[in-house]
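A.B. asks: So the protein sequences, as listed, match chains W and R.
Everything in the first sequence is counted per the working numbering, starting at 687 for the first residue and increasing by one.
Everything in the second sequence is counted per the working numbering, starting at 687 for the first residue and increasing by one.
I'd like to ask some things about the structure below.
2 protein chains.
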Amino acid sequence: MQARSEALRDQPSDDRRTSEPDVAPTKRLPQAERRAQILRTATDFFADYGLTAQTRRLAEACGVSQRLLYRYFPTKKDLLAAVYRQEILGAFKMVWFLELQDRSKPVEERLTLFYKDYLNDVLNRKWLRLFLYASLADAEMAPDYISSVIKKLLVVIVEETAAEKGVTLPNDVSALHEMGWTLHGSISHYAIRRHLYRSSSVLPEDKVVAMSVRTFLAGFQPMVQDYIDHLD
Amino acid sequence: MQARSEALRDQPSDDRRTSEPDVAPTKRLPQAERRAQILRTATDFFADYGLTAQTRRLAEACGVSQRLLYRYFPTKKDLLAAVYRQEILGAFKMVWFLELQDRSKPVEERLTLFYKDYLNDVLNRKWLRLFLYASLADAEMAPDYISSVIKKLLVVIVEETAAEKGVTLPNDVSALHEMGWTLHGSISHYAIRRHLYRSSSVLPEDKVVAMSVRTFLAGFQPMVQDYIDHLD
DNA sequence: GCTTTTGGTCGTCACTTGACGACAAAATAT
DNA sequence: ATATTTTGTCGTCAAGTGACGACCAAAAGC
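Here you go:
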C-alpha cells in the first residue's frame, strides 16, 4: 500500500522522474497546487469507485499520506462537496445558451453542434458516474442546481425550434420541459448506456447526435399539436 | 439498534400485532418464507441505501439478528447476487415480446400499452436504483443479460414499426438498436429523472409515454432515411 | 415424555475506516 | 546560520463492519 509512494519518494534527486506525476510528484507542492491535484485525483477516484470509497486509497492514488487530505479538506464530506462543485456544477458553459439562441444558423446545426460539445464536456464517463453516484447517494446533491440549469436549456431548445418552425407553443412551462426532455433524454441516455452499461455503440457519436436531433425535429410539430389536443 | 426488534419480539402473545409485519414478524418462519422475506426487505434496503449499506442495518430492517442473514446467504456478495437475480433480471416478462408482435393492433397502441406496463413493472424506483447501483459498482453485473434482452426488444420495436409504415430497414443490426434506443432511451430517461432526480413531472405518465411514442413514430421515416443516406 | 432437527440470538474476532494529535523536514525569512 | 512558517508523515483512537463459533429454544418426530 504505502510501498508505491515510498518507492517514488525515496528516489535520490539525481533522477528527474521518468514516469510523470499527477500521482505522487515526490513532495512539497504549494498549497493551491496540492489542493488542485488532490481534487483532480479525487474526481477520477470517486468516479471510479463511488462516493463510499475510502480516504486511504484516495491518498494512495494521490501519492500522499492519508493525513494530508485532512489538511486541505476538514472532512470527507467536504472533499466530496468540493469535487461535486468543481466537476459537476462547473461543467456547464454559459456560451452554450448564447450559441443556441444565435438565429443566424438553422436550429438543426445549433442543436447538433451543442450536443457534440455537451457530450464531450459534460456527458463523459467521469461526469456521468459522479452525477449518478451523487444522485443515488444524496437526494439533494444532484437535482437542485442542475435541474434549474437544464430546465432553462430545455426551454431554449424548444422555443428556438418552435420559432424556426413557426409553431405556437402552449403556455405551460412544464409542457415545454417535457418536450425538451424528449431530445435531451435521448442523448443523455445514449451517454449513460455508453459509459455505464458499456453497450458498444457501433455508430459514432456524431451520427447518434444527428439522428436524435432529426428525429426530434421531424416529430416536433406533431408533438406540440398532440399536447394541445390532449390537454384537459 | 436492537431496540426496535426487541420491542416487537418481547410483546406477550395476547397481542396479534397491530402494526403489520414484513419487517419483524416476531419469530420462527419456515426456511423458504424467511429467505423470501429477507430478499424482499433487502431489495428495498439496498435500493434505498446502496450496495455498500451494512448487513447490521439490513438485519434490523428485517427484524432479525445480523447473524441470521448468514444462515441464508453465505456472504453479503451472495445476498446481493440473489437480490439482483430476482429483482433485476426477474422483472422482464416474455409476454411483452408477444404482445408487441401482435399485428392485429396498430403499433402506436402496442407501444403505448407496452411502455405503460414497462414503466410500472421495470422502470420503477426500486428497480432503477438497484440497476444503477449495480451498473456503477460492478461492470459485469448489469449489462450482460439485460443488454441482450433489451436489444431483442429494440429490434422488435423497430421492425414492427417499419412493417406498419412500409419502410425498408438497413441490414446492420446495431443501426436498428440505435434507432430503437431513441424511443427506449427517452422513456428510460424519463424514469431516471422521475425516480432519481426527483424532477417533478407535471404531466402524467400516460401522456409522457404517448408523447414519446408519437414523436418516435412521426420521426421514424426520416430517421431511417437519414441513416441510409449518411451510410459510408 | 424425550430426542432430534431447525430457526434464531449473543458475543466476538480481525480488519476497515474517518479523523486527528504530535512530530519531522523543506522553504522562506532574517 | 538560525528562526519561523509551511508542507508533509507516523501512529493511533474509536466506531464501524463482514463473518462466524457457540449456544438457545421452538417445532417436529417417535
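Ideal Cβ placement from N, Cα and C applies to all residues, glycine included.
Small disclaimer: the values here were computed from a predicted structure and weren't measured.
1) Looking only at its chain, what residues have a beta carbon closer than 8 Å to the beta carbon of residue 770/R, apart from the 5 residues adjacent to it on each side?
2) Near residue 899/W, what residues of its chain come up, given a Cβ to Cβ distance below 8 Å and the 5 sequence neighbours on each side ignored?
3) Considering Cα atoms alone, identify which of 756/W, 847/W, 814/W and 751/W is closest to residue 787/W.
4) In angstroms with no decimal places, state the Cα-to-Cα distance between residue 742/R and residue 823/R.
5) Do you know how far the Cα of residue 714/R is from the Cα of residue 858/W?
6) According to DSSP, is residue 740/W helix, strand or coil?
7) Is it buried or exposed, residue 874/W, if we count other Cβ atoms within 10 angstroms and call 16 or more buried?
8) Please report how far the alpha carbon of residue 738/W lies from the alpha carbon of residue 723/R, in whole angstroms.
9) Going by the CB atoms, is the gap between residue 876/W and residue 853/W shorter than 8 Å?
10) Which residues in chain W sit within 8 Å of residue 912/R, going by Cβ to Cβ distance?
11) Apply the 10 Å Cβ neighbour rule to residue 790/R and answer buried if 16 or more other Cβ atoms are within range, or exposed otherwise.
12) Take residue 887/W as the anchor and find which of 901/R, 864/R, 906/R and 832/R has the nearest alpha-carbon.
13) Is the Cβ of residue 864/R closer than 8 Å to any Cβ of chain W?
14) In angstroms, rounded to a whole number, what distance separates the CA positions of residue 813/R and residue 774/R?
15) Taking buried to mean at least 16 other C-beta atoms within 10 Å of its own C-beta, is residue 781/W buried or exposed?
16) Give me the chain R residues within the contact set of residue 868/W, using Cβ-Cβ distance strictly less than 8 Å, ordered along the chain.
17) Output yes or no for whether 8 Å exceeds the beta carbon distance between residue 844/R and residue 866/R.
18) Since residue 819/R meets chain W, which of its residues come closer than 8 Å, beta carbon to beta carbon?
19) Can you give the Cα-Cα distance for residue 885/W and residue 744/R, rounded to whole angstroms?
20) Tell me the rounded alpha-carbon separation between residue 706/W and residue 752/W.
21) Since residue 891/R and residue 805/R should fall inside the 8 Å C-beta cutoff, what is the C-beta to C-beta distance between them, to a whole number of angstroms?
22) Taking all protein chains shown into account, do 16 or more other C-beta atoms lie within 10 angstroms of the C-beta of residue 757/R, making it buried, or fewer, making it exposed?
23) In chain W, what lies closer than 9 Å to residue 829/R by C-beta?
C.D. replies: Taking the structure as given:
1) 816, 820 and 827
2) 794, 797, 798, 801 and 869
3) 847/W
4) 21 Å
5) 56 Å
6) coil
7) buried
8) 27 Å
9) no
10) 896, 897 and 900
11) exposed
12) 864/R
13) yes
14) 6 Å
15) exposed
16) 872, 897, 898 and 901
17) yes
18) 822
19) 32 Å
20) For residue 706/W, the predicted structure reports a pLDDT of 38, less than 50, and the residue's modelled location is therefore unreliable. The matter cannot be settled from this model.
21) 6 Å
22) exposed
23) 879, 882, 883, 884 and 885
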